[in-house]
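Everything on this sheet refers to the single structure shown next.
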Amino acid sequence: MKTLYIAGNWKMNMSPSQAEIFMQELIATMPAAHDRCEVIVCPPYLALSTVAKQIENTRIMLGAQNCHEQEKGAYTGEISAAMLADIGVKYCIVGHSERRRDFQETDTHIAKKIMALLAKNIRPIWCVGETLEERQTGMTFERIRSQVTTTLDCLKGQDCSSLLIAYEPIWAIGTGLAATPEQAEEVHSHIHHTIASYSIDLPILYGGSVTAENAESLLSREAINGALIGGAALSAQSFNTIINTAHSLIN
Ligand code: 13P
């Protein structure tokens, strides 16, 4: 029976005090826990400690948005997986397309971050996705296969069973133009097929303009194991609606 992962990526939104108010509302209005629905919030680094305390007696899990691959040292401005683990972070997004674009993160660099997270028992939410140009020129499958295999080749010998993959087509992020359930499922199946040759089977989340309105059509697909949500995770009402949708689909 499938588990659904509902993860909110807040990106660079919400100061610690704003996060505190938001979480009060989210917790107060959240549907009762379902043991096959994992709810994850990924605030900016500065708000992690505040949110960690607020979720202590709830079913919500804490996620970060990035980490450095080294454990400590002279890396000004960086945060390590060890530091995240210390404050209760259980998940961490890696390789988001915004970081690939703005910080030139490569597939091999992302593999190092994944290794650092695995060493601290933090589950990586590893993002892959194609550009609009790649989709329009029929390169989607090739692009995704290359991202997945380049990183997995670097992870040979590691236990990768706790990884999650997020398929986030770049053209769907923040545009209001989500992939259709058919488009998403086709790529998810391609990823499932690609990782099967590494003898692994991982949950694959869809991300890119997921809303309270389209969540059901996406989450009801067999190959879609959850959602990584940006804008719609910044409203307690829409995030909770998506959680409710997930619950209704797994009941
Ligand atoms: P939106 O839901 O705002 O399109 O963002 C998706 C995303 O990038 C989540 O990581």
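For what it's worth, our numbering labels the leading residue of the sequence shown as 19, then goes sequentially. For every residue, glycine included, the Cβ atom is placed at its ideal position computed from N, Cα and C.
- In the DSSP annotation of this structure, P187 is not part of any beta strand (DSSP E), being labelled neither H nor E.
- Around the C-beta of Y109, 16 or more other C-beta atoms lie within 10 Å, and the residue is accordingly described as buried.
- Counting only the Cα atoms, Y93 lies some 31 Å from L223.
- Residues I24, M48, P49, C55, V57 of the same chain have their beta carbon placed closer than 7 Å to that of I261, with the five preceding and five following residues left out of the count.
- Relative to ligand 1, N243 has its C-beta separated by 7 Å or more from all heavy atoms.
- About 6 Å separates the CB atoms of I140 and A103; that is less than 8 Å, so the two are in contact.
- Annotation for V112: the continuous beta strand (DSSP E) segment containing it runs 109-112.
- At least one heavy atom of ligand 1 lies less than 7 Å from the C-beta of H114.
- Within the segment 99-178, the complete alpha helix (DSSP H) segments of 4 residues or longer fall at 99-104, 115-120, 125-137, 150-154, 158-172, listed in chain order.
- Proximity of the beta carbon of I191 to ligand 1 is indicated: a heavy atom of the ligand is located closer than 7 Å.
- Rounded to whole angstroms, the separation of the alpha carbons of L64 and G95 is 12 Å.
- No residue range can be given for A197, since it is assigned to no alpha helix (DSSP H) and is classified by DSSP as neither H nor E.
- In this structure, W144 lies near G113, with their beta-carbon atoms less than 8 Å apart.
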